[in-house]
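Reviewing the structure listed below.
Protein chains: 2
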Amino acid sequence: MSHQSGRVAAESEMRWNGWGDPAKADDLPRAVRALLPLLLGRIRKPAAPVELHDVQLDATALRANDGAAFAEIVGPGRVDMSDEARIRHAGGRSTPDLLRRRQLHQSVPDAVILPGDHDEVAAVLAVAADRGVAVIPYGGGTSVVGALDPERGDHHAVVSLDLRRLTGLLRLDAVSGEAVLAAGTTGPDAEALLTAHGYELGHYPQSFRYATIGGFAAARSSGQNSAGHGRFETMVTGIRVATPTGDIDLGRSPGSAAGPDLIRVFLGSEGIFGVITEVRVRVHPIPHERVLESWTFPDFAAGTAGLRAVAQHVGGPTVIRLSDEAETAVSLAQVGRIGRALSKGAAVVTVYEGDGIAERRARTSALLAAAGGVSSGEGAAEDWLDGRFDGPYLRDALLDAGVFCETLETATTWANLHALKAGVTAALRDGFADAGAKSHVMCHVSHIYPTGASLYFTVLAGVRSDPLKVWAEVKARVNDAIIASGGTISHHHAVGRDHAPWLEQEIGETGVRILAAIKRELDPQGILNPGAVITVDRTR
Amino acid sequence: MSHQSGRVAAESEMRWNGWGDPAKADDLPRAVRALLPLLLGRIRKPAAPVELHDVQLDATALRANDGAAFAEIVGPGRVDMSDEARIRHAGGRSTPDLLRRRQLHQSVPDAVILPGDHDEVAAVLAVAADRGVAVIPYGGGTSVVGALDPERGDHHAVVSLDLRRLTGLLRLDAVSGEAVLAAGTTGPDAEALLTAHGYELGHYPQSFRYATIGGFAAARSSGQNSAGHGRFETMVTGIRVATPTGDIDLGRSPGSAAGPDLIRVFLGSEGIFGVITEVRVRVHPIPHERVLESWTFPDFAAGTAGLRAVAQHVGGPTVIRLSDEAETAVSLAQVGRIGRALSKGAAVVTVYEGDGIAERRARTSALLAAAGGVSSGEGAAEDWLDGRFDGPYLRDALLDAGVFCETLETATTWANLHALKAGVTAALRDGFADAGAKSHVMCHVSHIYPTGASLYFTVLAGVRSDPLKVWAEVKARVNDAIIASGGTISHHHAVGRDHAPWLEQEIGETGVRILAAIKRELDPQGILNPGAVITVDRTR
Chain R
17 MSHQSGRVAA ESEMRWNGWG DPAKADDLPR AVRALLPLLL GRIRKPAAPV ELHDVQLDAT
77 ALRANDGAAF AEIVGPGRVD MSDEARIRHA GGRSTPDLLR RRQLHQSVPD AVILPGDHDE
137 VAAVLAVAAD RGVAVIPYGG GTSVVGALDP ERGDHHAVVS LDLRRLTGLL RLDAVSGEAV
197 LAAGTTGPDA EALLTAHGYE LGHYPQSFRY ATIGGFAAAR SSGQNSAGHG RFETMVTGIR
257 VATPTGDIDL GRSPGSAAGP DLIRVFLGSE GIFGVITEVR VRVHPIPHER VLESWTFPDF
317 AAGTAGLRAV AQHVGGPTVI RLSDEAETAV SLAQVGRIGR ALSKGAAVVT VYEGDGIAER
377 RARTSALLAA AGGVSSGEGA AEDWLDGRFD GPYLRDALLD AGVFCETLET ATTWANLHAL
437 KAGVTAALRD GFADAGAKSH VMCHVSHIYP TGASLYFTVL AGVRSDPLKV WAEVKARVND
497 AIIASGGTIS HHHAVGRDHA PWLEQEIGET GVRILAAIKR ELDPQGILNP GAVITVDRTR
Chain C
17 MSHQSGRVAA ESEMRWNGWG DPAKADDLPR AVRALLPLLL GRIRKPAAPV ELHDVQLDAT
77 ALRANDGAAF AEIVGPGRVD MSDEARIRHA GGRSTPDLLR RRQLHQSVPD AVILPGDHDE
137 VAAVLAVAAD RGVAVIPYGG GTSVVGALDP ERGDHHAVVS LDLRRLTGLL RLDAVSGEAV
197 LAAGTTGPDA EALLTAHGYE LGHYPQSFRY ATIGGFAAAR SSGQNSAGHG RFETMVTGIR
257 VATPTGDIDL GRSPGSAAGP DLIRVFLGSE GIFGVITEVR VRVHPIPHER VLESWTFPDF
317 AAGTAGLRAV AQHVGGPTVI RLSDEAETAV SLAQVGRIGR ALSKGAAVVT VYEGDGIAER
377 RARTSALLAA AGGVSSGEGA AEDWLDGRFD GPYLRDALLD AGVFCETLET ATTWANLHAL
437 KAGVTAALRD GFADAGAKSH VMCHVSHIYP TGASLYFTVL AGVRSDPLKV WAEVKARVND
497 AIIASGGTIS HHHAVGRDHA PWLEQEIGET GVRILAAIKR ELDPQGILNP GAVITVDRTR
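Which chain is which? The protein sequence lines are R and C, in order. Be aware that the first sequence starts at 17, since it is given in the numbering used here, and climbs by one per residue. Be aware that the second sequence starts at 17, since it is given in the numbering used here, and climbs by one per residue.
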């Protein structure tokens with residue numbers, strides 16, 4: 017069966033200086049407004065953010081004949097050097113990105129190029145390598161680790177390569193349960209295209225509404241259903257990549273031992289080796305039943321013991337997440353209900369979809385109860401499900417109110433989980449305290465593995481001035497603490513430029529040499545996403 | 017918890033010119049003897065194989081000061097240049113290997129080096145790189161793809177680096193369910209060490225009794241319990257590797273997005289990038305219950321439909337395998353009972369271990385019955401379990417009787433499974449027919465995935481003369497057929513030297529360039545396993 021479609025309606029374009037649909041942006045709920053001074057002391061409302069038409073940017077550094085050469089490939093209307101297009105591609109959606117979007121002068125790419133298919137991507141890369149133009153691959157624009165910063169490295173200009181025209185379900189093999197999706201297809205578009213045939217991919221990260229299939233692959237994304245369906249990399253069965261020195265098609269067969277699995281070289285490569293243009297994924301029939309159940313544990317430690325038991329037995333829930341006491345207390349897991357205290361202790365949400373729900377739920381419930389959990393009905397789980405993609409809207413409202421808000425994540429083994437949580441929490445609290453800011457640190461576990469789990473932190477802080485500088489210092493301290501406490505520098509946000517200086521401590525000097533060697537082979541001019549994953553000096 | 021042990025008894029040393037324990041080698045069962053002429057026509061018994069002390073080999077090319085430099089690292093008794101040691105490390109256990117072991121003149125490594133720990137391995141590699149000596153890493157000696165051929169590439173000598181002294185359970189983290197095993201630990205030793213603490217790794221390839229943990233990792237092994245516990249690569253959570261240019265320790269955390277997963281660069285690298293010295297694996301409590309059930313399907317097509325349904329639903333059997341009509345007819349799946357016809361149709365063996373056996377079995381049975389399967393009790397599954405590691409003994413007896421016998425494997429999507437099976441079967445039959453030999457081709461599926469499955473072929477042929485030459489031609493034809501029919505060049509036997517010329521057709525020119533770039537970075541002199549995975553000319 018073969019299916020082509022680019023006709024599925026896209027989500028509304030994202031706010032240029034915030035998250036998501038402009039129509040959904042909202043003021044801070046009254047309950048939050050009441051809670052914040054209790055947590056953070058007096059908050060000072062900042063100056064109003066700059067308007068799009070007031071942003072100042074440098075004139076494009078792209079030479080006229082560069083632009084003409086790109087236009088020859090993609091068509092004249094698809095090399096966009098307008099101020100708005102350049103500003104809209106200036107970065108991702110980390111809190112530092114959003115703070116930079118509030119500044120008058122902004123660093124932006126010199127043009128936005130919109131190729132229409134794999135061959136156009138390959139041709140753009142060849143021309144860019146030839147002309148010494150850096151290229152930042154751009155999917156949904158949802159990076160929170162600086163992967164989209166318009167860094168030009170040693171080159172005279174930098175362009176954003178926006179993949180939004182590479183969209184659609186290219187092939188569906190219903191017998192094998194495999195679908196090939198164009199890399200620029202967004203999460204909602206992919207699910208809509210598959211739903212028409214009775215299938216689901218089932219990958220729901222918080223960025224789902226805007227992020228793309230290619231971005232999920234490039235960043236080693238992990239979604240809310242990871243307990244049931246695994247990380248995105250476990251869903252990928254094939255990949256097509258354009259590099260400046262040649263194409264590559266990988267994933268000839270499931271279960272191969274034909275040398276190292278080179279798909280894994282590109283999953284997590286964040287655009288430094290090539291541009292992913294197609295991804296083959298395993299899909300499954302749409303589940304027709306969903307069961308929700310919330311649990312309350314006396315504390316986070318008891319909750320993690322419960323989650324560990326579930327992770328180390330087969331066939332548990334599709335979604336499972338555990339909020340620590342601080343997150344449970346302010347119900348920040350339930351964005352829509354923020355401020356309505358749920359209960360004391362540590363809250364767990366479970367969702368079951370697919371085959372054998374009754375047995376899986378019975379087995380899971382027995383394990384959670386044995387660890388001290390008490391079932392608390394559907395309510396909190398329903399709230400979580402309703403608001404699960406809305407966290408970033410709240411952050412915009414907090415920033416507008418002058419509250420610093422950011423998230424970060426890591427992972428480690430079960431044995432090391434509490435030491436890592438303590439290390440990161442201390443680095444956040446002490447870091448903000450040293451900057452004279454009160455902070456509130458919350459944490460949850462949202463991805464479990466047989467051998468360990470992720471930790472996802474949300475921090476609110478009453479930063480009085482220069483939040484970009486304060487956060488740079490705190491974030492460095494957190495990254496040092498993650499490394500010192502045995503965690504990974506990223507569980508699913510990826511490396512980008514923000515984590516790149518810490519990567520060598522994770523994979524060693526030999527590891528960085530391996531990445532640099534692949535980079536030099538595939539991209540000898542170093543045009544692709546300079547400074548992401550490995551710093552520019554390591555790739556020369 | 018920390019545990020050190022090298023005291024677990026090793027298996028008896030393998031026959032120098034055949035499989036396994038010399039005491040277990042046996043004549044061909046009478047039933048097989050009766051069956052063979054019916055399948056293959058008249059068989060001519062070959063000349064008796066050469067005795068070990070009659071083998072002729074070249075004098076060692078290792079210079080005296082090379083040997084002294086290695087001895088300074090590992091100790092004087094551990095650079096073994098005896099004829100017997102060199103002959104015992106001359107290759108693996110493919111049928112061509114065994115046929116070469118029957119020849120008078122044999123190509124062998126110039127010495128066998130026995131390092132005692134990671135640092136000695138690293139020091140040996142540094143000296144070898146410095147002196148221009150090629151190094152073939154040697155674990156259990158069970159390669160069937162030429163990965164142990166004593167090829168020296170551009171170097172003046174070649175040594176076999178035998179890892180048998182790197183043995184033991186180095187660490188056990190019972191909370192996280194992780195164990196660190198020294199790379200030279202054999203399958204049985206690893207399980208014995210873990211059993212003492214109540215844990216199991218659960219990786220049981222046919223080579224289990226001799227193959228090593230490092231070999232499982234280097235070759236992307238897959239075991240009989242793969243339906244329940246996954247391929248070996250899914251069990252690996254960390255790895256330590258010595259390369260000629262530096263060490264690397266990988267696997268800081270489960271569920272990382274810190275750049276590409278570099279563990280996967282070494283899984284499947286077959287010793288061309290470095291020597292794996294330690295492997296961290298996920299382990300699970302020893303299952304206390306085991307349930308066996310055999311099934312009969314009207315034919316292979318119905319059986320694959322049943323297996324596909326099981327693979328595409330969660331929580332099925334620990335082991336599942338399906339023999340085609342040809343294999344079912346001669347019961348070759350049940351080595352101990354060869355010649356006792358089981359039944360018409362296609363036989364399926366299922367084994368359940370671990371949690372929730374009753375539900376998993378009920379769900380699996382319903383799916384198999386819906387596909388036309390009929391349960392046939394425990395008998396055939398018990399026979400399979402009893403004889404599951406004994407296939408290679410039978411091959412030795414067949415070779416002694418003058419019957420060519422070899423196995424090979426591939427994998428593809430469910431949609432393409434029958435086309436691939438037909439392509440490989442035709443290549444085998446036609447290839448032997450063109451050489452004037454009758455053949456009998458059998459096939460089974462023993463590893464299932466949501467998107468596809470493996471195909472494992474056993475071929476018997478009445479080759480009258482020069483079986484090495486005949487097989488080289490037939491095997492080339494099979495490899496061409498695998499590529500033409502969309503299969504992978506290896507599902508779990510790996511690439512070695514035998515499949516290396518076909519790898520580029522699987523991963524493309526860009527893929528080979530990636531491997532060569534990593535190779536040049538880590539092993540710039542090209543001393544490590546020259547010609548394995550990628551041909552020597554691609555690594556210069």
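C-beta atoms are modelled at their ideal positions from N, C-alpha and C, and glycine is treated no differently.
Decide if LYS491 of chain R is buried, meaning its Cβ has at least 16 other Cβ atoms within 10 Å, or exposed.
-> buried
Determine the contact status of GLY542 of chain C and THR551 of chain C, defining contact as a CB-CB distance below 8 angstroms.
-> no
Chain R contacts made by the segment 208 to 224 of chain C, where a contact means CB separation under 8 angstroms = none
ILE152 of chain C at chain R interface by Cβ criterion, 8 angstroms = no
Buried or exposed for GLY452 of chain C, please, with buried defined as at least 16 other CB atoms from any protein chain shown within 10 angstroms of its CB.
-> exposed
Determine, using beta carbons only, whether SER269 of chain C comes closer than 8 angstroms to chain A.
-> The structure shown contains no chain A; its protein chains are R and C.
C-beta contact flag for ALA413 of chain R and LEU44 of chain R at 8 angstroms | yes
So which residues on chain R does ASP496 of chain C lean against when the C-beta distance must stay under 8 angstroms?
-> What ASP496 of chain C touches in chain R: nothing, since even the nearest Cβ is about 15 angstroms away.
Starting from PRO466 of chain C, find everything on chain R with Cβ-Cβ shorter than 7 angstroms and list it in chain order.
-> GLY193 and ARG298
Cα-Cα separation between LEU266 of chain C and GLY184 of chain R, rounded to whole angstroms = 37 angstroms
Between the C-alpha atoms of LEU209 of chain R and LEU197 of chain R, what's the straight-line distance to the nearest angstrom?
-> 9 angstroms
Bridge partners - GLU309 of chain R, DSSP secondary structure assignment = R:THR366
Taking C-beta pairs closer than 7 angstroms, name the residues in chain R that SER470 of chain C reaches, listed in chain order.
-> GLY271
Roughly how far, in whole angstroms, is the beta-carbon of ALA510 of chain R from the beta-carbon of ALA163 of chain R, given that I think they are within contact range, below 8 angstroms?
-> 6 angstroms
Residue range of the unbroken beta strand (DSSP E) whose run includes MET30 of chain R = It is not in any beta strand (DSSP E) - MET30 of chain R carries neither H nor E in the DSSP assignment.
Bridge partners of GLY254 of chain R, per DSSP?
-> Its beta-bridge partners are R:ARG296.
Does GLY388 of chain R get closer than 8 angstroms to chain C when you measure Cβ to Cβ?
-> no
Output yes or no for whether 8 angstroms exceeds the beta carbon distance between MET97 of chain C and THR111 of chain C.
-> With respect to THR111 of chain C, MET97 of chain C sits apart: the two C-beta atoms are not nearer than 8 angstroms.
Got a sec, what are the start and stop residues for the alpha helix (DSSP H) LEU484 of chain C sits in?
-> 483 to 500
Could you list the residues in the segment 305 to 319 of chain C with a C-beta less than 8 angstroms from some C-beta on chain R, going in chain order?
-> none
Are the CB atoms of LEU338 of chain C and ALA321 of chain C nearer to each other than 8 angstroms?
-> No; because the gap between Cβ atoms is not below 8 angstroms, this pair is not in contact.
Indicate the three-state DSSP secondary structure (helix, strand or coil) for ARG356 of chain C in the structure shown.
-> Confidence at ARG356 of chain C is low in this model, with a pLDDT of 48, below 50, so the placement of that residue should be treated as unreliable; the coordinate-derived value is given next. Residue state, collapsed to three classes: coil.
Please confirm if LEU52 of chain R has its CB atom under 8 angstroms from at least one CB of chain C.
-> no
Per-residue DSSP class, three states only, for PRO153 of chain C = strand
Flag this pair as yes or no: are the beta carbons of LEU383 of chain C and ALA325 of chain C separated by less than 8 angstroms?
-> yes
Return the residue from the list C:ALA273, C:ARG296 and C:SER462 that minimises the CA-CA distance to PHE473 of chain C.
-> PHE473 of chain C has its Cα closest to that of C:SER462, out of C:ALA273, C:ARG296 and C:SER462.
When you compare only the Cα positions, how much space is there between GLU425 of chain C and GLY389 of chain R?
-> 48 angstroms
Near-chain C residues of the segment 271 to 289 of chain R (beta-carbon distance less than 8 angstroms), N- to C-terminal order = GLY271, SER272, ALA273, ALA274, GLY275, PRO276, ASP277, LEU278, ARG280, VAL281, PHE282, LEU283, GLY284, SER285 and GLU286
Roughly how many angstroms separate the alpha carbons of GLU422 of chain R and HIS456 of chain R, rounded to a whole number?
-> GLU422 of chain R and HIS456 of chain R have their C-alpha atoms some 11 angstroms from each other.
Short check: CB of ALA87 of chain C to CB of VAL95 of chain C, under 8 angstroms?
-> yes
Using Cβ-Cβ distances below 7 angstroms, what residues of the segment 333 to 346 of chain C are close to chain R?
-> none
Any 3 or more C-beta pairs closer than 8 angstroms across the segment 512 to 522 of chain R and the segment 495 to 502 of chain R = Judged by Cβ distances under 8 angstroms, the segment 512 to 522 of chain R makes contact with the segment 495 to 502 of chain R, as three or more pairs qualify.
Could you tell me which of C:GLY287, C:VAL335, C:GLY331 and C:GLY290 sits nearest to LEU308 of chain C, measuring between CA atoms?
-> Taking LEU308 of chain C as reference, the option from C:GLY287, C:VAL335, C:GLY331 and C:GLY290 with the minimal CA-CA separation is C:VAL335.
Taking only beta-carbon positions, decide if ARG236 of chain R is within less than 8 angstroms of chain C.
-> yes
Could you please tell me which residues of the segment 499 to 511 of chain C, in chain order, have their CB closer than 8 angstroms to any CB of chain R?
-> GLY502, GLY503, THR504, ILE505, SER506, HIS507, HIS508, HIS509, ALA510 and VAL511
Can you pull the chain R residues whose beta carbon is under 9 angstroms from the beta carbon of LEU531 of chain C, in chain order?
-> GLY275, PRO276 and LEU278
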